[in-house]
Amino acid sequence: MSRPVFRFAPSPNGELHLGHAYSALLNQRMARAAGGRLLLRIEDIDTARCTPQFEEGIYRDLDWLGIAWETPVRRQSEHFDDYAGLLRTLIAQELVYPAFMSRGEARAHIAEAEAGGRSWPRDPDGVPVYPGLDRRLGERERKRRIADGQPFAWRLDTGLALAGLSGPLAWDELSGETGLARTVEADPEAWGDVILARREIATSYHLSVVADDAGQGVTHVVRGRDLYSATAIHRLLQELLGLPAPAYCHHRLILGPDGRKLSKSLGDTGLAALRAAGRTPQEIEEMVGL
Ligand code: GLU
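Counting from 1, position 129 in the sequence shown corresponds to residue 129 in the working numbering; the numbering is continuous, with no gaps.
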């Protein structure tokens with residue numbers, strides 16, 4: 001039987017902090033307990049915000065923590081062609097459409113609807129869902145606008161995609177503590193028509209994470225609770241693209257002293273700063289409750 005495959009997938013757009021340490025260490029523990037492999041993936045599709053310095057910092061911090069990963073490391077910025085191929089598949093299936101509304105136009109449309117007494121749906125992150133008016137644009141009009149150079153993003157027609165599925169959409173959620181699985185029903189519709197590719201970034205987090213988890217044979221996705229709801233979109237994309245569904249484990253988040261999620265700008269919880277202050281890897285494990 002092939003061994004389970006785990007992965008830690010940070011973005012090099014800031015320094016790693018205690019939250020990342022917990023995620024990486026938990027991945028390592030779960031991989032060991034399952035006799036599995038641990039991969040490291042650099043999620044650097046946002047080439048404007050990701051830097052080689054932050055990437056170097058990731059290797060340094062993980063090494064210091066005692067985490068061993070397989071090489072070569074997959075860097076998403078080297079695989080834009082793979083993501084474009086998957087996008088083309090979805091375009092050919094007419095499950096994505098060019099969405100032309102700018103952020104300002106969408107905001108104005110929503111404000112007008114709300115002023116008229118309608119309550120506009122929010123996605124699980126609290127952001128109003130995209131109006132999706134251009135879902136109904138005819139092929140000629142789409143072509144004309146694209147030829148005119150109008151900016152657009154490729155959005156998933158989530159309702160249409162869901163309507164074509166043969167059964168309910170769900171995933172196996174593992175408990176990091178007990179290892180027991182429960183089935184979670186996926187609700188991608190709550191996100192509306194998500195962006196799968198933009199003009200400046202020819203893919204999206206959702207598309208590339210699904211592509212790579214499948215491409216790297218990942219069987220266990222262990223990541224923060226903040227991505228729990230996004231898993232619904234990942235499960236939908238896996239079904240549409242005929243990709244296997246890994247098991248998921250969304251772990252607790254490490255919170256700052258103010259009770260909020262740690263951010264990459266919180267210097268004193270950064271691993272490099274903690275190391276410079278003389279903390280040991282053992283102390284880091286204690287700090288994150290491992
Ligand atoms: N790259 C994402 C992050 O740094 C994590 C993605 C994932 O684990 O699915 O937040």
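Ideal placement from N, C-alpha and C gives every residue a C-beta, glycine not left out.
Taking the Cβ of Glu78 as the reference point, every heavy atom of ligand 1 lies at 7 Å or farther away.
The Cβ neighbour count for Glu141, taken over all protein chains shown within 10 Å, is under 16; the residue is labelled exposed.
Ala272 is positioned such that its CB atom lies no closer than 8 Å to that of Asp44. Taking the Cβ of Ser11 as the reference point, at least one heavy atom of ligand 1 falls within a distance shorter than 7 Å.
The C-beta separation of Val127 from Pro121 comes to about 10 Å, leaving the pair out of contact by the 8 Å criterion. Just measuring C-alpha positions, the residue of Gly159, Ser119 and Pro246 sitting nearest Gly132 is Gly159. In this structure, DSSP gives Arg122 an extended state, which the three-state scheme calls strand. Residue state for Thr219 is assigned as coil, using DSSP reduced to three classes. When Leu137, Val209, Asp46 and His109 are compared, the shortest CA-CA separation from Val96 is found for Leu137. With a cut-off of 7 Å, the C-beta of Glu43 is classified as near ligand 1, since at least one heavy atom of the ligand falls inside that distance. For ligand 1, no non-hydrogen atom lies closer than 7 Å to the CB of Val5. Contact holds between the segment 216 to 225 and the segment 1 to 13, because three or more Cβ pairs, one in each stretch, are under 8 Å apart. In this structure, Val184 places its C-beta atom within 8 Å of the C-beta atom of Ala170. By the Cβ rule, the segment 205 to 215 counts as touching the segment 242 to 259, because three or more pairs are nearer than 8 Å.
Comparing alpha-carbon positions, the option among Gly179, Ser23, Met287 and Leu196 lying closest to Ala34 turns out to be Gly179. Cβ-Cβ distances below 6 Å link Tyr248 to Trp171, Glu173, Val221 and Thr231 in the same chain, with the five nearest sequence neighbours on each side left out; the list follows chain order. Rounded to whole angstroms, Leu255 and Leu236 show a C-alpha spacing of 30 Å. Between ligand 1 and the CB of Leu227, the shortest heavy atom gap is smaller than 7 Å. Within a 10 Å sphere around the beta-carbon of Ser166 sit fewer than 16 other beta-carbons, which makes this residue exposed. DSSP places Ile42 in the strand class (E or B) of the three-state scheme. Leu16 carries a coil assignment under DSSP once its states are collapsed to helix, strand and coil. Separation of the CB atoms of Leu90 and Leu240 is rounded to 7 Å, and the pair is thereby assigned contact status at 8 Å.
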